[in-house]
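In our numbering, the protein residues as written are 12 to 61.
Every residue gets a Cβ at the ideal spot worked out from N, C-alpha and C, and that includes glycine.
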Amino acid sequence: MTRNLNDKESKGFQKNSDLTTKRSEIWCRLTNQEKAVGIWVQTSSEMGRK
C-alpha cells in the first residue's frame, strides 16, 4: 500500500519538476529578450543623441 502511494507521489513530483524546468526555460528566454530589447533601446537612443 505505502509503496503504491510513494510511486504515485514520485511520478507526480516528476511531472511537477518537468513543468518547472519548462517554465524556467521560458522565463530565461523572456528575460534574455527583455535584456536584448533594453540594450537595443539604449544604443538606438544614444545614436539619436549623436
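Cα-Cα separation, residue i to residue j
i, j, result
"K33", "K46", "20 angstroms"
"W38", "T31", "10 angstroms"
"R40", "Q53", "20 angstroms"
"E36", "Q44", "12 angstroms"
"D29", "G49", "30 angstroms"
"E57", "K26", "47 angstroms"
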